[in-house]
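Read the structure below first, then the notes.
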Amino acid sequence: MTSTETDHDNVLTYCERHPGVETALTCGRCEAYICPRCMVHTPGGIRCPDCARLRRPVMYELETKHYLLALAVALGVALPLGVAAAIVLPVLRFGFFGLILGFLAGTGAGALMAEAISRVTRYKRGLALQLIGSAGLLLAAGLYLVASGLRPESIPRDIAGLAAVVGSIMAVWGRLR
Numbered sequence: 023m024t025s026t027e028t029d030h031d032n033v034l035t036y037c038e039r040h041p042g043v044e045t046a047l048t049c050g051r052c053e054a055y056i057c058p059r060c061m062v063h064t065p066g067g068i069r070c071p072d073c074a075r076l077r078r079p080v081m082y083e084l085e086t087k088h089y090l091l092a093l094a095v096a097l098g099v100a101l102p103l104g105v106a107a108a109i110v111l112p113v114l115r116f117g118f119f120g121l122i123l124g125f126l127a128g129t130g131a132g133a134l135m136a137e138a139i140s141r142v143t144r145y146k147r148g149l150a151l152q153l154i155g156s157a158g159l160l161l162a163a164g165l166y167l168v169a170s171g172l173r174p175e176s177i178p179r180d181i182a183g184l185a186a187v188v189g190s191i192m193a194v195w196g197r198l199r
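Take the sequence shown: its letters are residues 23 to 199, numbered as in my numbering.
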């Protein structure tokens, strides 16, 4: 032992939650000894579970009223979107130009759906709202198929419609993430 070392360096410390685990790691807030099994990574450093107090961000906390409002808006937006798609997209059904315009129209429709849901829920986000928005867009796609009179066997040839569905779901998924 050199003169610069102290007896403090040789003291063994154990986790307060797991007494059999040797550790030198302490909580960044209360300085309690913690082991790798009970440490929690936070933006303020490593903490014990008591000090971590991790909460979901407020924008991801949804109540029943948010689900109901989102469903109502998704239905309200899906109906005109489906009819508008039946009017506009059959003209663009074939070719590369139709594919591009279908994707752009779908992206706009998805952004419209996401913005409507976002505003009515006071800018809440999350997986449930993504699924509700996507379901609304699939309903709009179904209305498009019914209103435009497409037979089920001709769906794979409807390039613009498929591009619109993909673009719309990508847009709503990204904006409500």
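From the three backbone atoms N, C-alpha and C, an ideal C-beta is built for every residue, glycine too.
| Query | Result |
| --- | --- |
| Along the chain, where does the alpha helix (DSSP H) that runs through His88 open and close? | 86 to 110 |
| Within the same chain, show all residues whose beta-carbon is closer than 6 Å to that of Arg197, passing over the 5 residues directly before and after it, in chain order. | Ala136 |
| In terms of DSSP beta bridges, what is Thr64 paired with? | Gly67 |
| Under the rule that 16 or more other beta-carbon atoms within 10 Å means buried, what is Thr35, buried or exposed? | exposed |
| According to DSSP, is Thr129 part of a helix, a strand, or is it coil? | helix |
| Counting C-beta neighbours from all protein chains within 10 Å, is the total for Thr143 16 or more, i.e. buried, or is it exposed? | buried |
| Using 8 Å as the Cβ pair cut-off and three pairs as the minimum, do the stretch 34 to 54 and the stretch 69 to 78 touch? | yes |
| Taking the C-alpha atoms as reference points, what is the distance between Val194 and Ala163? | 14 Å |
| The alpha helix (DSSP H) that contains Arg197, what's its start and end? | 181 to 197 |
| Given that a residue counts as buried once 16 or more other Cβ atoms are within 10 Å of its Cβ, and exposed if not, what is Ala46? | exposed |
| Is Arg204 buried or exposed, if buried means 16 or more other CB atoms sit within 10 Å of its CB? | Given a span of 23 to 199 for the chain in the structure shown, any question on residue 204 remains unanswerable. |
| Measuring CB atoms only, is the stretch 80 to 90 touching the stretch 144 to 161, in the sense that at least three cross pairs come out at less than 8 Å? | yes |
| Note down the Cα distance separating Arg179 from Tyr166, rounded to an integer number of angstroms. | 15 Å |
| Is there contact between the stretch 97 to 113 and the stretch 148 to 161, where contact requires at least three CB pairs shorter than 8 Å? | yes |
| Please report the straight-line C-alpha distance between Gly104 and Gly67, rounded to a whole angstrom. | 50 Å |
| Is it right to say Phe119 is buried, meaning 16 or more other beta carbons lie within 10 angstroms of its own, or is it exposed? | exposed |
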